[in-house]
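Chains as they are written, first to last, in this note's numbering: chain D, 1 to 204; chain U, 205 to 408. From the three backbone atoms N, C-alpha and C, an ideal C-beta is built for every residue, glycine too. Taking it in order: structure first as structure tokens, then the write-up.
2 protein chains.
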Amino acid sequence: MPIFLGSAADVPKIVDHDERRLELVDATWRIIARLGIEGATMREIATEAGFANGALKPYFPTKDTLLTFAFQHVFNRTNQRIAEVTAGKKGIPALRAFSLEVLPLDEERVNEARIVIPFWQKAVNDAEKAEIHRKSMALWTAAIVAHLAEARADGEVTAAVDDATLGGHLLNMLLGAQITAALAPAAQASFGLEEQLEAFLSLL
Amino acid sequence: MPIFLGSAADVPKIVDHDERRLELVDATWRIIARLGIEGATMREIATEAGFANGALKPYFPTKDTLLTFAFQHVFNRTNQRIAEVTAGKKGIPALRAFSLEVLPLDEERVNEARIVIPFWQKAVNDAEKAEIHRKSMALWTAAIVAHLAEARADGEVTAAVDDATLGGHLLNMLLGAQITAALAPAAQASFGLEEQLEAFLSLL
DNA sequence: TCTTTTTTTCTATGACTGTAGAGAATAACG
DNA sequence: CGTTATTCTCTACAGTCATAGAAAAAAAGA
Numbered sequence: 001m002p003i004f005l006g007s008a009a010d011v012p013k014i015v016d017h018d019e020r021r022l023e024l025v026d027a028t029w030r031i032i033a034r035l036g037i038e039g040a041t042m043r044e045i046a047t048e049a050g051f052a053n054g055a056l057k058p059y060f061p062t063k064d065t066l067l068t069f070a071f072q073h074v075f076n077r078t079n080q081r082i083a084e085v086t087a088g089k090k091g092i093p094a095l096r097a098f099s100l101e102v103l104p105l106d107e108e109r110v111n112e113a114r115i116v117i118p119f120w121q122k123a124v125n126d127a128e129k130a131e132i133h134r135k136s137m138a139l140w141t142a143a144i145v146a147h148l149a150e151a152r153a154d155g156e157v158t159a160a161v162d163d164a165t166l167g168g169h170l171l172n173m174l175l176g177a178q179i180t181a182a183l184a185p186a187a188q189a190s191f192g193l194e195e196q197l198e199a200f201l202s203l204l
Numbered sequence: 205m206p207i208f209l210g211s212a213a214d215v216p217k218i219v220d221h222d223e224r225r226l227e228l229v230d231a232t233w234r235i236i237a238r239l240g241i242e243g244a245t246m247r248e249i250a251t252e253a254g255f256a257n258g259a260l261k262p263y264f265p266t267k268d269t270l271l272t273f274a275f276q277h278v279f280n281r282t283n284q285r286i287a288e289v290t291a292g293k294k295g296i297p298a299l300r301a302f303s304l305e306v307l308p309l310d311e312e313r314v315n316e317a318r319i320v321i322p323f324w325q326k327a328v329n330d331a332e333k334a335e336i337h338r339k340s341m342a343l344w345t346a347a348i349v350a351h352l353a354e355a356r357a358d359g360e361v362t363a364a365v366d367d368a369t370l371g372g373h374l375l376n377m378l379l380g381a382q383i384t385a386a387l388a389p390a391a392q393a394s395f396g397l398e399e400q401l402e403a404f405l406s407l408l
């Protein structure tokens, strides 16, 4: 008699397809981080996930489907972390927490930078992926500007520059930090990225 | 009797190999800008340059040689433009001229952004290309910091933050702007990038 | 155990790629 | 015009890739 699967109501099958998809996405991240996007072939990803060549087909009909899903999931996860970290905060503290979560300050997030760069490259010539980027950036911009407005209301920000411009500047710096960190020699750890953030906040 | 080739002293051949290499690099840029790095096959590049399949071989033994040379040349050209634009300037005016030259403010430089992103992606897993990036960024950082020091000496900058941190921040913003511009919908022109720069300068 | 359904493996296929190199075409020169 | 050196074209090759789909394996249920 099968054990009772609490959550999956409409999925009487042996394999939870949604869960399997996440496993495959995990394997995809690991491969891209280790071998680069060029090394992320269907065979390599399947092997990394513990399967043979054609096993991914039922879960992702094409490679592009898999990659798009994987990239989307990175954004979702980051947004999730941001939500957790900024919960209950506002103004400058919220802005600081937000930025510290996006900056590639540890090994894991440097790996994420090494994954987002191939994504950007694909998005340059792929409208669907560009749209994923655009939506996430619109979300981030809105959050940043909102925090700036809160900070201004509390007197934490007095700079004679409109919040949209300040927010755009900060967002660009956060994106550029991904490049800087991903292309740095392995030895070099941080880049004063944290100091750069504090400097910016202190100027507001 | 052949016309006298003023500059090429040691090149009695019919084709100036160095010049031909630059032609091929030009064709490569155009292809990458139009079709993306994935579409930049040897055949496509050769066709764009007006040649058949194997014609590139004598000038670039391998594709990687061609791409590395092409990317290197983009950096060289940008550095050249920067040198011209900042000549005779110092302090904030020099910093402004420098940044305005790097920011993707017109069609041509948006195309350069669309070329540098594939370069970054390749550099993530290619030590030689990462080194090209590293060297250019070291150059830029030195120039930015020098201009900041001049500005501080002239009393244009009074911010209580060290120049290296301010310079790193500005550089990251300039890099991030490449992403923002390259992935923007074709309709949307600028992004207030110029305003973002002025805002930063006004805060120093 | 036998049947049915689901999952995975394995092999094949067609397309595309960088690269190699023989031969044709072209230009230079006597 | 003929010879030589240079440049380019064209075909071929070996490798890799995503994808397809038949067959095997595994699991579930009676």
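is_contact[residue i, chain U] using C-beta, thresh 8 Å
{"i": "D/W29", "result": "no"}
{"i": "D/T141", "result": "no"}
{"i": "D/S202", "result": "yes"}
{"i": "D/R96", "result": "no"}
{"i": "D/A159", "result": "yes"}
{"i": "D/N172", "result": "yes"}
{"i": "D/L105", "result": "no"}
{"i": "D/D18", "result": "no"}
{"i": "D/F191", "result": "yes"}
{"i": "D/H147", "result": "no"}
Inter-residue spacing [alpha-carbon to alpha-carbon] between residue i and residue j
{"i": "U/A334", "j": "U/K261", "result": "25 Å"}
{"i": "U/E223", "j": "D/K90", "result": "58 Å"}
{"i": "D/I144", "j": "D/D126", "result": "27 Å"}
{"i": "U/I207", "j": "U/D220", "result": "For U/I207, the pLDDT reaches just 29, beneath the cut-off of 50, and the residue's location in the model is therefore unreliable, although a value from the coordinates is still provided. Roughly 13 Å between the two C-alpha positions."}
{"i": "U/L187", "j": "D/N53", "result": "Since the displayed chain U opens at 205 and closes at 408, residue 187 of chain U lies outside it and no answer follows."}
{"i": "U/L408", "j": "U/D268", "result": "42 Å"}
{"i": "D/D163", "j": "U/Y263", "result": "52 Å"}
{"i": "D/F51", "j": "D/R30", "result": "15 Å"}
{"i": "D/A153", "j": "D/E38", "result": "48 Å"}
{"i": "D/R77", "j": "D/A33", "result": "16 Å"}
{"i": "D/I115", "j": "U/F323", "result": "14 Å"}
{"i": "U/Q392", "j": "U/A355", "result": "34 Å"}
{"i": "D/K135", "j": "D/E23", "result": "25 Å"}
{"i": "D/G6", "j": "D/I14", "result": "In this prediction, D/G6 has a pLDDT of 29, which is less than 50 and means its spatial position is unreliable; nothing more can be read from the coordinates."}
{"i": "U/L343", "j": "U/F279", "result": "11 Å"}
{"i": "D/T141", "j": "D/H147", "result": "10 Å"}
{"i": "D/E48", "j": "D/E107", "result": "20 Å"}
{"i": "D/V161", "j": "U/G292", "result": "30 Å"}
{"i": "U/P265", "j": "U/T272", "result": "12 Å"}
Whole-angstrom C-beta distance between residue j and residue i, which should lie under 8 Å
{"i": "U/H373", "j": "D/Q196", "result": "4 Å"}
{"i": "D/I117", "j": "D/A182", "result": "6 Å"}
{"i": "D/Q72", "j": "D/I132", "result": "6 Å"}
{"i": "D/G176", "j": "U/M377", "result": "6 Å"}
{"i": "U/I296", "j": "U/E360", "result": "5 Å"}
{"i": "D/L201", "j": "D/L100", "result": "The pair is not a contact, with the Cβ atoms about 11 Å apart (cut-off 8 Å)."}
{"i": "U/V289", "j": "U/A301", "result": "5 Å"}
{"i": "D/F191", "j": "D/A199", "result": "Not really, about 13 Å apart at Cβ, beyond 8 Å."}
Residue interval of the alpha helix (DSSP H) (run including residue i)
{"i": "D/I115", "result": "E107 to V124"}
{"i": "D/L201", "result": "L193 to L203"}
{"i": "D/Q72", "result": "K63 to T86"}
{"i": "U/E248", "result": "M246 to A253"}
{"i": "U/D222", "result": "H221 to L239"}
{"i": "D/K259", "result": "For residue 259 of chain D there is no data in the structure shown, the boundaries of chain D being 1 and 204."}
{"i": "D/E156", "result": "Counting along the chain, D/E156 falls outside any alpha helix (DSSP H), and DSSP gives it neither H nor E."}
{"i": "D/E101", "result": "G91 to V102"}
{"i": "D/I179", "result": "D163 to A182"}
Any C-beta of chain D under 8 Å from that of residue i
{"i": "U/G254", "result": "no"}
{"i": "U/M246", "result": "no"}
{"i": "U/L370", "result": "yes"}
{"i": "U/E399", "result": "yes"}
{"i": "U/A355", "result": "no"}
{"i": "U/L387", "result": "yes"}
{"i": "U/Q325", "result": "yes"}
{"i": "U/N329", "result": "yes"}
{"i": "U/I241", "result": "yes"}
Any non-hydrogen atom of the ligand SAM closer than 7 Å to residue i Cβ
{"i": "U/T290", "result": "Ligands in the displayed structure: none, and consequently the ligand SAM is not present."}
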